[in-house]
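Residue numbering for the sequence shown is 147 to 522, as defined by the working numbering. Glycine included, each C-beta is placed from N, C-alpha and C at the ideal position. The block underneath contains the structure these notes are about, expressed in structure tokens.
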Amino acid sequence: MLSRLQDFLTRHRRKFVVTGVLVGGTIYAARYAQRKLVEYQERQAREFFERSRRMHHFESTERTCNQVILGMGEEMCQAVLHECSTDELLEQLRQNPTNKLELWEQMKIVSFTRLATFVYASSMLVIALRVQLNLLGGYIYRDIMTEQRQITDELKQQYLSLIRHFITHDGIRDLARFIRSQVVEVLKSMPLTRQLTLADTEQIFWSLQMAINGDTRHDPNSKMSKYLLPDLTRLQERFNCSPLLQQMYNETLDLLESEDCVGVCAHNVSRGFVLSCDAIAESMGDTLQHLAPGELQQQQPMNGQSKQSNNNNLLDVNRVLVALAKLIPIISGLTSHGYDSSARPHNLPTQLLSFYVVSEKSKMLGANVYETFSSG
């Protein structure tokens with residue numbers, strides 16, 4: 147019996163060896179695959195947790211960013227109103243002086259300057275704070291993940307105070323004075339008696355935008371860091387400038403001068419002037435509704451066509467002619483107050499700042515900055 151079993155094993159030894167190898171290999175492969183599957187699931191779970199944690203931190207950063215923008219937006223608006231004040235001119239005009247024409251010429255320049263300054267300054271502030279808060283948020287997230295503490299409270303305060311240069315030091319002043327010089331060039335040959343349609347007003351703003359953007363040394367789109375942040379020498383004078391603060395400052399400069407930021411700012415400014423023209427049209431409609439029929443007739447186009455819709459008898463402001471002198475109080479009134487979220491309807495500075503905050507291009511810019519610096 148044993149000899150038969152031995153013979154059987156001898157004859158089929160190769161089969162037993164092969165079968166053993168196959169069975170053992172299969173078991174090993176199954177265990178290896180199971181181990182890899184567990185590792186893959188754990189890795190996926192860790193990545194999901196990290197993405198969720200990063201998303202939660204980003205959303206928190208965005209909420210903080212929006213709050214900071216609106217808070218500093220109030221200060222920025224007051225700085226613009228201070229730099230482009232019409233109070234003294236209005237007080238002189240109320241006294242019916244002999245140089246009334248000269249004063250109205252000054253009102254023309256200041257009114258257009260103030261509106262354009264609000265358009266540019268609001269866009270620049272939103273972009274700067276989106277970049278700063280998301281860059282800082284990325285650094286803080288990396289500190290959290292690596293359990294380090296590179297970003298101290300003092301460093302955060304120093305870094306975020308860089309934008310104060312724009313609001314309380316030279317930024318707004320330099321921006322407003324540059325825009326004023328371009329307003330003078332565009333409007334100096336336009337008399338107060340010039341009759342303008344809404345399309346003519348839009349053309350003025352387009353010409354002004356082209357003049358501002360065309361100055362390669364002072365263009366607020368491509369040279370926004372010149373207005374927004376202090377130079378490195380002034381930064382070192384203000385703070386005991388640590389290597390990390392200087393690194394973050396240089397990274398912020400690079401971002402503000404990048405094509406992405408320049409493109410977003412240019413887009414925002416164009417949309418800002420569109421919003422301004424819409425606000426002017428609405429104010430013109432309100433003003434013209436109170437004109438006497440004879441006066442309104444004199445302001446219609448020379449073809450004599452009625453300015454009223456065939457269906458609803460509503461005034462068509464797109465075809466009404468208005469003297470530049472009558473347009474100045476409208477433009478000045480739109481920007482006579484700063485940011486005020488409680489006012490209804492919102493004034494133009496509030497509309498501009500609110501629009502830039504929710505702009506998809508601005509939000510995408512912030513998301514890209516956060517993604518870069520949180521995973522760097």
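Quiz item: Quick one: complete alpha helix (DSSP H) runs, 4+ long, within the region 285-333?
Solution: Counting whole runs of 4 or more residues, the region 285-333 contains the alpha helix (DSSP H) stretches 299-306, 310-314 and 317-333.
Practice problem: Label Ser257 either buried or exposed according to how many other C-beta atoms from any shown protein chain fall within 10 Å of its C-beta, with 16 as the threshold for buried. | Solution: Ser257 comes out buried.
Self-check item: Which residues DSSP lists as bridging Val468, in chain order
Solution: Looking at the DSSP assignment, Val468 forms a beta bridge with Leu342.
Quiz item: By a C-beta neighbour count over all protein chains shown, 10 Å radius and 16 as the cutoff for buried, is Arg276 buried or exposed?
Solution: Answer is buried; the Cβ neighbour count reaches 16.
Quiz prompt | Short CB-CB distance (under 9 Å) between Tyr485 and chain D | solution = In the structure shown, chain D does not exist; there is a single protein chain.
Exercise. Using a threshold of 9 Å, state whether the C-beta atoms of Leu498 and Leu402 are closer than that.
Key: No. Outside cutoff.
Quiz item: What's the gap between the Cα of Asp377 and the Cα of Glu293?
Solution: In a straight line, the C-alpha of Asp377 is about 33 Å away from that of Glu293.
Quiz prompt | Reference His483; option with closest CA among Lys302, Asn493, Ile477 and His315 | solution = Residue Asn493 holds the alpha-carbon nearest to the alpha-carbon of His483 among Lys302, Asn493, Ile477 and His315.
Self-check item: Per-residue DSSP class, three states only, for Thr518
Solution: Correct three-state label for Thr518: helix.
Quiz prompt | Inter-residue Cα distance where the pair is Met270 and Tyr178 | solution = In a straight line, the C-alpha of Met270 is about 57 Å away from that of Tyr178.
Quiz item: If you run the structure through DSSP and keep just helix, strand and coil, what is Arg260?
Solution: Of the three classes helix, strand and coil, the one that applies to Arg260 here is helix, per DSSP.
Practice problem: Give the secondary structure of Tyr178 by DSSP, where H, G and I count as helix, E and B as strand, and everything else as coil. | Solution: Assigned with DSSP and collapsed to three states, Tyr178 falls in helix.
Quiz prompt | Stretch-stretch touch, CB-based, cutoff 8 Å, three pairs: the region 319-330 with the region 247-265 | solution = Flag = yes, the region 319-330 and the region 247-265 touch.
Quiz item: Where does Ser478 land, buried or exposed, given buried means 16+ other C-beta within 10 angstroms?
Solution: Burial state of Ser478 is buried, judged by a 10 Å Cβ sphere holding 16 or more other Cβ atoms.
Quiz item: Expressed to the nearest angstrom, what Euclidean distance is found between the alpha-carbon atoms of Val329 and Ile474?
Solution: Rounded to whole angstroms, Val329 to Ile474 spans 13 Å at the Cα level.
Quiz item: Which of helix, strand or coil does DSSP assign to Asn485?
Solution: First, the amino acid is wrong: residue 485 is Tyr here, not Asn. Under the three-state reduction of DSSP output, Tyr485 falls in the coil class, being neither helix nor strand.
Exercise. Could you check what DSSP says for Thr172 in three-state terms: helix, strand or coil?
Key: DSSP places Thr172 in helix when its eight states are reduced to three.
Exercise. Report yes if the C-beta distance between Ile297 and Ala274 is below 9 Å; otherwise report no.
Key: No. Outside cutoff.
Exercise. Can you give me the Cβ contacts of Ser508 inside the same chain, cut-off strictly under 8 Å, excluding the 5 residues immediately before and after it?
Key: Cβ within range, chain order: Val272, Ile273, Arg276, Val410, Asn414 and Tyr502.
Quiz prompt | Exposure of Leu247, with buried meaning 16 or more beta-carbon neighbours within 10 Å | solution = Leu247 comes out exposed.
Self-check item: Distance between beta carbons of Gln278 and Leu235, contact taken as under 8 Å
Solution: Not quite, the Cβ-Cβ distance comes to about 36 Å (not below 8 Å), so this is no contact.
Practice problem: Less than 8 Å between the CB atoms is what I'm expecting for Met222 and Ile358, so what's the real figure, rounded? | Solution: So it is not a contact: roughly 18 Å between Cβ atoms.
Exercise. Pull up the distance between the alpha-carbon of Val332 and that of Leu227, whole angstroms please.
Key: A direct Cα-Cα distance of roughly 22 Å separates Val332 from Leu227.
Exercise. Measure the alpha-carbon distance for Phe351 versus Glu300 and round it to whole angstroms.
Key: Approximately 43 Å, taken between the alpha carbons.
Quiz item: Got a sec? Which residues, its chain only, sit under 7 Å from Ile313 by beta carbon, not counting five neighbours each side?
Solution: The beta carbon of Ile313 sits closer than 7 Å to the beta carbons of Met218, Glu221, Met222 and Ala225 from its chain, once the five residues preceding and following it are set aside; these are given in chain order.
Quiz item: Is it the case that the Cβ atoms of Leu390 and His311 are separated by a distance below 9 Å?
Solution: The answer is no: Cβ separation not under 9 Å.
Quiz prompt | Range covered by the alpha helix (DSSP H) that runs through Arg363 | solution = From DSSP, Arg363 is part of no alpha helix (DSSP H); its letter is neither H nor E.
Quiz item: So, helix, strand or coil for Met336, using DSSP?
Solution: Reduced to three states, the DSSP call for Met336 is coil.
Practice problem: From the DSSP output, in three-state form, read off Ala438 for me. | Solution: Below a pLDDT of 50, predicted positions are generally treated as unreliable, and Ala438, at 49, falls in that range; the measurement from the model is reported next regardless. Coil.
Quiz item: Where Val468 and Gln241 are concerned, what is the direct C-alpha to C-alpha distance, given to the nearest angstrom?
Solution: When the Cα atoms are used, Val468 and Gln241 turn out to be separated by approximately 25 Å.
Quiz prompt | For Leu344, the nearest candidate out of Lys472, Pro366 and Ser268 (CA to CA) | solution = When C-alpha distances from Leu344 are compared across Lys472, Pro366 and Ser268, the shortest belongs to Lys472.
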